[in-house]
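Asker: Have a look at this one before I ask anything.
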Amino acid sequence: MTQPARSIADSHDMIEVRGARENNLASVSVDIPKRRLTVFTGVSGSGKSSLVFGTIAAESQRMINETYSAFLQSFMPSLSRPDVDSLRNLSAAIVVDQERMGANSRSTVGTATDAYAMLRIVFSRLGQPHVGPAGAFSFNLAEGMCPTCEGLGRVSDLDVDQLVDVERSLNDGAITVPNFAVDSWYWQSIVGSGLFDPDVKLQDFTAQQWRDFLHKPATKMKVGNHTITYEGLAVKVRRLYLSKDKEPTQPHIKAFVERAVTFATCGDCAGARLNRAALSARIAGRNIAECSAMQISDLAAFVRGIDDPSVAPLVSNLRELLDSLVEIGLGYLSLDRESGSLSGGEAQRVKMVRHLGSSLTDVTYVFDEPTVGLHPHDIARMNGLLLRLRDKGNTVLVVEHKPETIAIADHVVDLGPGAGPDGGRICYAGDVAGLRRADCLTGRHLDHRARLRDRVRTPTGHLPIRGADLHNLRGVDVDVPLGVLTVVTGVAGSGKSSLIHGCLPRREGVVVVDQSPIRGSRRSNPATYTGLLDPVRAAFARANKVRPALFSANSEGACPKCRGIGVVYTDLAMMAGVASVCEECEGRRFTPQVLAYTLRGRNISEVLGMSVTEAQGFFPSGPARAVLDRLADVGLGYLGLGQPLTTLSGGERQRLKLAIHMGEKAHTYVLDEPTTGLHLADVDRLLALLDRLVDAGNTVVVIEHHQAVMAHADWIVDLGPGAGHDGGRIVFTGTPADLVAHGDTRTATHLREYVGR
1 MTQPARSIAD
11 SHDMIEVRGA
21 RENNLASVSV
31 DIPKRRLTVF
41 TGVSGSGKSS
51 LVFGTIAAES
61 QRMINETYSA
71 FLQSFMPSLS
81 RPDVDSLRNL
91 SAAIVVDQER
101 MGANSRSTVG
111 TATDAYAMLR
121 IVFSRLGQPH
131 VGPAGAFSFN
141 LAEGMCPTCE
151 GLGRVSDLDV
161 DQLVDVERSL
171 NDGAITVPNF
181 AVDSWYWQSI
191 VGSGLFDPDV
201 KLQDFTAQQW
211 RDFLHKPATK
221 MKVGNHTITY
231 EGLAVKVRRL
241 YLSKDKEPTQ
251 PHIKAFVERA
261 VTFATCGDCA
271 GARLNRAALS
281 ARIAGRNIAE
291 CSAMQISDLA
301 AFVRGIDDPS
311 VAPLVSNLRE
321 LLDSLVEIGL
331 GYLSLDRESG
341 SLSGGEAQRV
351 KMVRHLGSSL
361 TDVTYVFDEP
371 TVGLHPHDIA
381 RMNGLLLRLR
391 DKGNTVLVVE
401 HKPETIAIAD
411 HVVDLGPGAG
421 PDGGRICYAG
431 DVAGLRRADC
441 LTGRHLDHRA
451 RLRDRVRTPT
461 GHLPIRGADL
471 HNLRGVDVDV
481 PLGVLTVVTG
491 VAGSGKSSLI
501 HGCLPRREGV
511 VVVDQSPIRG
521 SRRSNPATYT
531 GLLDPVRAAF
541 ARANKVRPAL
551 FSANSEGACP
561 KCRGIGVVYT
571 DLAMMAGVAS
581 VCEECEGRRF
591 TPQVLAYTLR
601 GRNISEVLGM
611 SVTEAQGFFP
621 SGPARAVLDR
631 LADVGLGYLG
641 LGQPLTTLSG
651 GERQRLKLAI
661 HMGEKAHTYV
671 LDEPTTGLHL
681 ADVDRLLALL
691 DRLVDAGNTV
701 VVIEHHQAVM
711 AHADWIVDLG
721 PGAGHDGGRI
731 VFTGTPADLV
741 AHGDTRTATH
751 LREYVGR
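No gaps in the numbering here: position 286 of the sequence shown is 286 in full-length UniProt numbering, and each next residue is one more.
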């Protein structure tokens with residue numbers, strides 16, 4: 001039988017990138033095979049994300065957006081064209097990143113994966129007694145939600161101690177709510193009611209006065225010749241600061257709301273979110289809220305027991321979805337877990353599950369370090385899922401540092417050789433075998449292994465944790481040694497974060513350095529966040545004999561057109577808004593007068609355009625150099641001083657926070673996966689930094705899965721043996737050498753393999 005002639009359509013089997021210059025990319029040209037798994041490697045800041053996310057994925061999404069009508073585009077984020085000469089043979093790109101899934105308390109793992117929607121349909125068909133359509137089981141619809149808590153499962157209340165000081169009178173400032181100070185308008189409306197003696201302490205009010213003071217509803221009252229509307233303090237605070245359509249924007253109001261508002265489980269639905277009718281329907285003795293609260297691995301077993309032919313296809317799909325969640329290492333979650341409480345790695349894996357069951361093929365999936373938060377035991381399962389997506393005929397692009405994932409790649413693109421201005425070039429492109437032979441940083445470190453310590457440090461004491469029972473912990477007792485490097489490990493969901501974050505931060509002298517977002521706007525950058533800008537401005541002011549405020553883009557020296565941001569945001573009405581470089585300052589952020597002032601031949605905009613490493617050469621001594629040295633110590637030498645904080649990864653944010661805390665007098669550091677985003681070559685630098693912290697007399701506790709950090713530790717606390725209710729116990733404590741020699745946990749198996757024992 002003759003083979004069919006090869007069609008021209010079959011020739012577009014490479015994504016062709018020509019002349020990519022986004023961020024630090026040095027006019028990169030590269031061919032990436034389609035329908036294959038390609039892993040992009042290189043040190044932090046080498047240009048991996050600029051190529052994969054900033055160029056390939058960005059242009060694919062921009063071109064798809066352009067196919068929509070102008071009306072629809074007006075609701076989409078504006079995407080500018082990447083700086084690249086040409087891109088050919090792109091397919092639709094789906095980015096599966098580590099962005100948190102939002103803090104909307106109505107979004108849960110069940111709603112985000114559609115598992116809860118399927119479960120609702122099953123209950124609407126099979127639940128006894130029958131209560132109606134699937135909407136009757138939705139806590140986001142009026143027909144299903146609990147009327148008391150409106151489907152949130154909890155009700156808010158006010159902590160009266162945060163509103164008033166009962167040992168003072170109204171005239172002495174008993175009301176501590178913002179904008180209720182003595183003689184303010186709100187204060188006058190309360191005192192002017194005549195209901196209370198303003199010189200009597202609140203604790204001496206009668207029961208009726210106390211009720212009127214706090215809870216009296218809005219009431220018109222005649223006071224002298226005037227009619228006023230009086231309402232109790234708690235009523236007014238709810239109306240002013242807690243109404244659903246008003247989100248407080250001022251920092252002091254936000255801080256007050258966070259202090260004053262307390263949440264309690266709704267008494268009517270006991271936190272189930274649903275009304276009594278929905279909770280009355282049961283399948284095999286369980287209602288839908290009980291099913292949602294089950295660990296997903298247990299729910300999967302429960303669903304397998306439903307064999308009614310009327311819902312067979314739906315149950316089959318639900319079973320596959322739940323099994324995928326278990327397979328991807330999320331079986332310890334429950335469907336009622338709020339999406340906003342998931343870690344970045346968990347959020348990425350939840351998004352990934354949605355695509356595994358998709359009928360789409362020949363699309364490009366883009367992943368950002370999918371192994372983040374995964375124990376070596378779980379990485380093998382993640383690799384299997386990436387290969388499944390590829391085998392469906394998709395192009396899978398993965399930015400990754402872990403050698404276990406690099407090893408399964410069909411194709412590897414290594415960027416570098418360094419970071420920032422020293423990166424942005426292709427160092428290697430080819431298969432994994434070729435990478436091992438290549439003379440590039442990734443190739444040289446691919447088989448590099450940290451060794452077990454010859455001699456571990458001796459603890460100077462212990463931090464006792466007793467009876468820890470947060471989430472899945474089962475009355476855990478453990479002693480965290482002081483003055484050494486301790487690694488807390490275990491599979492995802494075993495209870496590591498619950499143990500450490502739930503017990504240590506409240507202790508004196510403990511500094512927690514995590515990957516959570518840094519509060520700040522698009523004006524914030526490493527220079528402002530670390531305090532580096534203060535000595536820089538002072539140096540410019542001294543050199544030019546002018547005020548330091550001139551050298552702040554948030555103050556006097558700011559360009560008036562862009563207000564010191566460097567870009568102008570234009571609203572195009574029906575079309576998407578556009579961010580364009582400010583024409584007046586050309587992105588330099590300052591007025592021409594300010595840019596005329598120089599320090600050793602550089603103006604303030606040029607200094608903020610430097611990387612940390614460049615700035616170290618420019619500031620050879622003084623307070624600015626001390627901050628820069630700490631930033632370089634944590635591996636952030638490539639960061640630009642004026643780079644917006646919103647562009648930093650989770651790992652970069654953690655290392656930036658660590659650099660700040662290294663200047664403080666702390667004695668216990670708690671780090672959460674500090675190897676996130678670190679190249680194999682940079683892990684050694686991190687280990688050296690952790691050693692310096694310990695050798696300076698500090699205690700370092702690291703929640704980590706990276707075997708290099710485990711091998712380098714003085715002490716290991718291993719939780720497990722599994723995840724969720726299969727975890728929550730201490731399965732090993734001791735030295736890494738003891739774990740390798742005698743341990744029988746999953747961690748022991750993988751660490752033994754890692755160190756070659």
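Using N, Cα and C, we set each Cβ at its ideal position, and we do this for glycine too.
1) Mark residue 420 as exposed unless 16 or more other C-beta atoms lie within 10 angstroms of its C-beta, in which case mark it buried.
2) Rounded to the nearest angstrom, what separates residue 255 and residue 338 at their Cα positions?
3) State the Cα-Cα distance for the pair residue 55 and residue 20, rounded to the nearest angstrom.
4) So, residue 128 versus residue 281, is the Cβ gap smaller than 8 angstroms?
5) Short check: CB of residue 325 to CB of residue 366, under 8 angstroms?
6) Helix, strand or coil for residue 405? Go by DSSP, reduced to three states.
7) For the region 115-173, list the alpha helix (DSSP H) runs that are entirely contained and at least 4 residues long, ordered along the chain.
8) Flag residue 371 as yes if its beta-carbon sits less than 8 angstroms from any beta-carbon of chain C, otherwise no.
9) Which ranges does the alpha helix (DSSP H) cover as unbroken runs of at least 4 residues, wholly within the region 572-659, from first to last along the chain?
10) Starting from residue 528 and walking both ways along the beta strand (DSSP E), at which residues does that stretch end?
11) Would you call the region 310-319 and the region 143-162 in contact, with 3 or more CB pairs under 8 angstroms?
12) For residue 196 and residue 190, what's the separation of their Cα atoms in angstroms?
13) Please report how far the alpha carbon of residue 571 lies from the alpha carbon of residue 199, in whole angstroms.
14) Tell me where the alpha helix (DSSP H) around residue 53 begins and ends.
15) Between residue 109 and residue 333, how many whole angstroms is the CB-CB distance? I'm expecting something under 8 angstroms.
16) Is the distance from the Cβ of residue 537 to the Cβ of residue 564 below 8 angstroms?
17) Check the C-beta distance from residue 322 over to residue 553 and give it rounded, since I have them as a contact under 8 angstroms.
18) Among 704, 703, 670, 708, which residue has its Cα nearest to the Cα of residue 688?
19) Whole angstroms is fine: what's the gap from residue 606's alpha carbon to residue 626's?
20) What's the C-alpha gap between residue 679 and residue 360?
21) Per DSSP, which one or two residues make a beta bridge with residue 719?
22) Grab the span of the beta strand (DSSP E) containing residue 175 for me, first residue to last.
23) Indicate whether residue 512 and residue 501 have their beta-carbon atoms separated by less than 8 angstroms.
24) Any idea which residues DSSP pairs residue 411 with across the strands?
25) Looking only at its own chain, which residues have a Cβ that is under 6 angstroms from the Cβ of residue 748, when we skip the five neighbours before and after it?
26) By the three-class DSSP mapping on this structure, what secondary structure does residue 462 have?
27) What residues are listed by DSSP as bridge partners for residue 16?
28) Would you kindly work out how many angstroms separate the C-alpha atoms of residue 576 and residue 41, rounded to a whole number?
29) Return the chain-ordered list of same chain residues with a C-beta closer than 6 angstroms to the C-beta of residue 619, the five sequence neighbours on each side being excluded.
30) Pull up the DSSP beta-bridge partners for residue 371, would you.
31) Might you give, ordered along the chain, the residues of its own chain that have their beta carbon closer than 7 angstroms to the beta carbon of residue 135, omitting 5 neighbours on each side?
32) Just to confirm my understanding: we take residue 364, look at its own chain, exclude 5 residues before and 5 after, and list those with CB closer than 6 angstroms. What are they?
33) Check whether the region 31-50 and the region 11-20 touch, using three or more Cβ-Cβ pairs below 8 angstroms as the test.
34) Considering Cα atoms alone, identify which of 413, 319, 383, 362 is closest to residue 349.
35) When the Cα of residue 700 is compared with those of 509, 38, 117, which residue comes out closest?
36) Give the DSSP bridge partners of residue 481, in chain order.
Answerer: Reading from the atomic positions:
1) Reading the sequence shown from its first residue, position 420 is the one you call residue 420. Residue 420 should be labelled buried.
2) Walking along the sequence shown from the start, residue 255 turns up at place 255. Walking along the sequence shown from the start, residue 338 turns up at place 338. So the two alpha carbons sit approximately 23 angstroms from each other.
3) Sequence index remark: in the sequence shown, residue 55 carries index 55 (1-based). Sequence index remark: in the sequence shown, residue 20 carries index 20 (1-based). Taking the straight line from one Cα to the other gives about 7 angstroms.
4) Against the sequence shown, residue 128 aligns to sequence position 128. Against the sequence shown, residue 281 aligns to sequence position 281. It is a contact, given that the beta carbons lie within the stated cut-off.
5) On the sequence shown, position 325 is the one that residue 325 refers to. On the sequence shown, position 366 is the one that residue 366 refers to. Cβ atoms of residue 325 and residue 366: not closer than 8 angstroms.
6) To locate residue 405, count along the sequence shown from 1; it is residue 405. Helix, per DSSP.
7) 115-126
8) Of the protein chains in the structure, only one exists, and it is not chain C.
9) 592-595, 604-608, 612-618, 622-633
10) Within the sequence shown, numbered from 1, the residue matching residue 528 stands at position 528. Element bounds for residue 528: not the beta strand (DSSP E) but the alpha helix (DSSP H), 526-529.
11) no
12) To locate residue 196, count along the sequence shown from 1; it is residue 196. To locate residue 190, count along the sequence shown from 1; it is residue 190. When rounded, the distance between both Cα atoms is 8 angstroms.
13) For the purposes of this step, residue 571 is taken as residue 571 along the sequence shown, with counting starting at 1. For the purposes of this step, residue 199 is taken as residue 199 along the sequence shown, with counting starting at 1. The pLDDT assigned to residue 571 is 49, lower than 50, so where the model puts this residue is not dependable; a value taken from the coordinates is nonetheless given after this. Each residue's Cα considered, the two are about 54 angstroms apart.
14) Position 53 of the sequence shown holds residue 53. Residue 53 -> no alpha helix (DSSP H), and no H or E assigned at all.
15) In the sequence shown, counting from the first residue as 1, residue 109 sits at position 109. In the sequence shown, counting from the first residue as 1, residue 333 sits at position 333. 5 angstroms between Cβ atoms; contact.
16) Taking the sequence shown and counting its residues from 1, the one referred to as residue 537 is at position 537. Taking the sequence shown and counting its residues from 1, the one referred to as residue 564 is at position 564. Cβ distance not < 8 angstroms, so residue 537 and residue 564 don't count as in contact.
17) By one-based count along the sequence shown, residue 322 stands at place 322. By one-based count along the sequence shown, residue 553 stands at place 553. The Cβ separation is near 51 angstroms, so there is no contact.
18) In the sequence shown, the residue the question calls residue 688 occupies position 688. Minimum Cα distance to residue 688 is reached at 708.
19) As a first step, residue 606 must be located in the sequence shown, where it is residue number 606. As a first step, residue 626 must be located in the sequence shown, where it is residue number 626. If you take the alpha carbons of residue 606 and residue 626, they lie about 20 angstroms apart.
20) Position 679 of the sequence shown holds residue 679. Position 360 of the sequence shown holds residue 360. Each residue's Cα considered, the two are about 33 angstroms apart.
21) Walking along the sequence shown from the start, residue 719 turns up at place 719. Its beta-bridge partners are 730.
22) Stepping through the sequence shown from its first residue, residue 175 is reached at position 175. No beta strand (DSSP E) contains residue 175, which DSSP labels as neither H nor E.
23) Start at 1 with the first residue of the sequence shown, and residue 512 comes out as number 512. Start at 1 with the first residue of the sequence shown, and residue 501 comes out as number 501. Yes; because the gap between Cβ atoms is below 8 angstroms, this pair is in contact.
24) Looking up residue 411 in the sequence shown gives position 411. Residue 411 pairs with 38.
25) Position 748 of the sequence shown, counted from the start, is the residue given in the question as residue 748. Here the set comprises 739.
26) Against the sequence shown, residue 462 aligns to sequence position 462. Three-state DSSP puts residue 462 in a strand.
27) Start at 1 with the first residue of the sequence shown, and residue 16 comes out as number 16. 31, 88.
28) To locate residue 576, count along the sequence shown from 1; it is residue 576. To locate residue 41, count along the sequence shown from 1; it is residue 41. With a pLDDT of only 40 at residue 576, under 50, the local geometry of the prediction cannot be trusted, and the value read off the model is given with reservation. Between residue 576 and residue 41, the C-alpha separation is close to 34 angstroms.
29) In the sequence shown, counting from the first residue as 1, residue 619 sits at position 619. If we look at residue 619 and ignore the five residues flanking it on each side, its Cβ neighbours are 625.
30) Residue mapping note: residue 371 aligns to position 371 of the sequence shown, counting from 1. None, per the DSSP bridge assignment.
31) To locate residue 135, count along the sequence shown from 1; it is residue 135. The residues are 141, 143, 144.
32) For the purposes of this step, residue 364 is taken as the residue at position 364 of the sequence shown. These residues qualify, in order along the chain: 91, 93, 395.
33) yes
34) Here residue 349 refers to the residue found at position 349 when the sequence shown is read from its first residue. For residue 349, the nearest C-alpha among the options comes from 383.
35) Locating residue 700 in the sequence shown gives position 700, counting from the first residue. Of 509, 38, 117, the residue nearest in Cα terms is 509.
36) Start at 1 with the first residue of the sequence shown, and residue 481 comes out as number 481. 462, per the DSSP bridge assignment.
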